[in-house]
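Here's the structure, in structure tokens; my notes come after.
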Amino acid sequence: VTSSDSPLLHGPELDVALSQDVTKWETADWLPTSTSLHLYARALFGNVSVFDIDSDIAIYSFGVRLSAPLASSNSIALTCDISAGPGWIMTDLGDATGFDSGVGLRAAYSVAKNLSLVAAAEANAFISDYIFAGGPACNVGLNFVW
Numbered sequence: 002v003t004s005s006d007s008p009l010l011h012g013p014e015l016d017v018a019l020s021q022d023v024t025k026w027e028t029a030d031w032l033p034t035s036t037s038l039h040l041y042a043r044a045l046f047g048n049v050s051v052f053d054i055d056s057d058i059a060i061y062s063f064g065v066r067l068s069a070p071l072a073s074s075n076s077i078a079l080t081c082d083i084s085a086g087p088g089w090i091m092t093d094l095g096d097a098t099g100f101d102s103g104v105g106l107r108a109a110y111s112v113a114k115n116l117s118l119v120a121a122a123e124a125n126a127f128i129s130d131y132i133f134a135g136g137p138a139c140n141v142g143l144n145f146v147w
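As numbered in my numbering, residues 2 to 147 make up the sequence shown, in order.
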């Protein structure tokens, strides 16, 4: 039995660069130069309707993100991102622990030395023993570097 809905979820995401160029590692030298590895944490909040029952929803996830460069100029960078890690969904109907993953494109426009505007479009999936949730995701935000 399935049900679907397309709620608009919102929330913060934290991204920490672990390595700016993983191609220096012998096992990753096949990747494009300047492919970076990140640790991310995300919390999304909103409302969802499942089987005609309205519920609050919270999705928490963290994991690693591999970011491969596709194109860049002095102020704009376009990357292909692949992310994966554990995730948790909490609703009024019940909770689930599972695997959260995504693949997509990310564009960053450098406004100042330590500030970029970021826009991303991804296809995300959450998989657990009893739940599969997937669909498109769009992110718009600021990236502060210190």
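We treat Cβ as the ideally placed atom computed from N, Cα and C, and that holds for glycine.
When DSSP labels each residue in this structure, what does residue i get in the three-state scheme?
{"i": "residue 146", "result": "coil"}
{"i": "residue 80", "result": "strand"}
{"i": "residue 34", "result": "coil"}
{"i": "residue 2", "result": "Note that residue 2 scores a pLDDT of 47, beneath 50, so its modelled location is shaky and nothing firm can be said."}
Below 7 Å CB to CB, which residues in the same chain sit around residue i once its five sequence neighbours on both sides are set aside?
{"i": "residue 2", "result": "Note that residue 2 scores 47 on pLDDT, short of 50, meaning its location in the model is unreliable and no value can be drawn from it."}
{"i": "residue 69", "result": "32, 33, 36, 80 and 81"}
Thinking residue i and residue j are a contact (beta carbons under 8 Å), I'd like their distance in whole angstroms, please.
{"i": "residue 96", "j": "residue 87", "result": "Their Cβ separation, rounded to whole angstroms, is 13 Å, which puts residue 96 and residue 87 out of contact at 8 Å."}
{"i": "residue 18", "j": "residue 39", "result": "5 Å"}
{"i": "residue 85", "j": "residue 65", "result": "7 Å"}
According to DSSP, residue i sits in a beta bridge with which residue or residues?
{"i": "residue 73", "result": "78"}
{"i": "residue 58", "result": "47 and 92"}
{"i": "residue 125", "result": "103 and 136"}
Between which residues of its own chain and residue i is the CB-CB distance below 8 Å, once the five residues before and five after are set aside?
{"i": "residue 116", "result": "143, 144, 145 and 146"}
Give every residue of the same chain whose Cβ lies closer than 6 Å to the Cβ of residue i, excluding the five residues on either side of it in the sequence, and list them in chain order.
{"i": "residue 92", "result": "56 and 58"}
With contact counted as at least three CB pairs below 8 Å, one residue from each stretch, are the stretch 23-34 and the stretch 44-54 in contact? Between the stretch 23-34 and the stretch 44-54 there are fewer than three inter-stretch CB-CB distances shorter than 8 Å, so the stretches are not counted as touching.
Is the number of C-beta pairs between the stretch 104-113 and the stretch 69-82 that are closer than 8 Å three or more? By the Cβ criterion, the stretch 104-113 is in contact with the stretch 69-82, since at least three pairs of Cβ atoms, one from each stretch, lie closer than 8 Å.
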